[in-house]
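The structure appears right after this line, and notes come after that.
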């Protein structure tokens, strides 16, 4: 179950569609639902061994990290899922003793993550979960694997997000949209205006403030939480968030 480190966050077991829209979507207010995934086979089935066995030969899009960033000039490459899963486990082992920016700047370690891969890539995987109707106009469903972190960003193209944590624990730090002015995003003339140029929030603080002085003007995160397996979180459009792998 979700653990709240800082901030105020509503937590409920389940919710009706009407109440979800009225109390959260219309108010652009995050909420965590802990009971929406209880019956999903994915919670037990989705392991590294399962994906290796069933989808290991599948070609998927991954991003290389450079300086802790997965965006310009680092675009998607294609690789077999089995290759990525092996690399993911290696990354996880190294991340316990080295910063992500240090790893991704070091040629000894190729840091990658699987991001926003359409679930349609994975034959029959939709049988492992039930799509909630809370956001019945959702344009797409995506799937990701990550043992490192997801840099500071908001979800494009300015969309609402139902984030489902299947296993493990991730730390979410979240800021309201107005704070984005202090996060040094890429320019509106790029495809990445929703992404901060700050490579790693947990790097040397003095260096971060030297390189990105506007960050000192930002408030503390509105929310700092640990999301656990089975938790579903509504991330309103425009909310900035940084996600770190805990386990």
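Numbering (my numbering), first residue to last: -17 to 229. Even for Gly, the Cβ is constructed at its ideal location relative to N, Cα and C. Note that the structure is a prediction, hence the values are computed from the model and not measured.
Closest residue to residue i among the options (Cα-Cα distance)
{"i": "residue 226", "options": "208, 168 and 35", "result": "208"}
{"i": "residue 0", "options": "125, 117 and 133", "result": "117"}
{"i": "residue 98", "options": "59, 110 and 68", "result": "59"}
{"i": "residue 228", "options": "3, 147, 96 and 4", "result": "147"}
{"i": "residue 138", "options": "125, 169 and 173", "result": "173"}
{"i": "residue 25", "options": "108, 194 and 189", "result": "108"}
{"i": "residue -14", "options": "187, 33, 12 and 132", "result": "12"}
{"i": "residue -17", "options": "34, -11 and 16", "result": "16"}
{"i": "residue 32", "options": "3, -2 and 104", "result": "104"}
Residue j beta carbon less than 8 Å from that of residue i
{"i": "residue 212", "j": "residue 20", "result": "yes"}
{"i": "residue 61", "j": "residue 42", "result": "yes"}
{"i": "residue 144", "j": "residue 167", "result": "no"}
{"i": "residue 14", "j": "residue -7", "result": "yes"}
{"i": "residue 157", "j": "residue 185", "result": "no"}
{"i": "residue 27", "j": "residue 110", "result": "yes"}
{"i": "residue 34", "j": "residue 67", "result": "yes"}
Same chain, Cβ closer than 6 Å to residue i, neighbours up to 5 away in sequence not counted
{"i": "residue 40", "result": "63"}
{"i": "residue 123", "result": "101"}
{"i": "residue 171", "result": "none"}
{"i": "residue -12", "result": "206"}
{"i": "residue 38", "result": "63 and 64"}
{"i": "residue 5", "result": "none"}
{"i": "residue 132", "result": "225"}
{"i": "residue 149", "result": "211"}
{"i": "residue 194", "result": "166 and 180"}
Nonlocal neighbours in the same chain, by C-beta distance under 8 Å from residue i, ignoring five residues either side
{"i": "residue 134", "result": "165, 177, 178, 180, 183, 222, 223 and 224"}
{"i": "residue 191", "result": "197 and 198"}
{"i": "residue 136", "result": "159, 162, 176, 219, 220, 221, 222 and 223"}
{"i": "residue 112", "result": "21 and 22"}
{"i": "residue 169", "result": "175"}
Chain-order list of residues whose beta-carbon lies under 7 Å from that of residue i (same chain, five-residue window excluded)
{"i": "residue 18", "result": "-4, 114 and 214"}
{"i": "residue 141", "result": "219"}
{"i": "residue -10", "result": "none"}
{"i": "residue 7", "result": "142"}
Heavy atom of the ligand FMN within 7 Å of residue i beta-carbon
{"i": "residue 99", "result": "Judged by which ligands are present, the structure shown has none, so any question about the ligand FMN falls away."}
query = Three or more beta-carbon pairs under 8 Å between the segment 199 to 208 and the segment 135 to 155, yes or no?
reply = yes
key: Segments assigned alpha helix (DSSP H), at least 4 residues, entirely inside the segment -3 to 57   = -1 to 2, 24 to 27 and 30 to 37
message = What ranges does the beta strand (DSSP E) occupy inside the segment 101 to 146, keeping only unbroken runs of at least 3 residues that lie completely in it?
response = 124 to 127, 131 to 135 and 143 to 146
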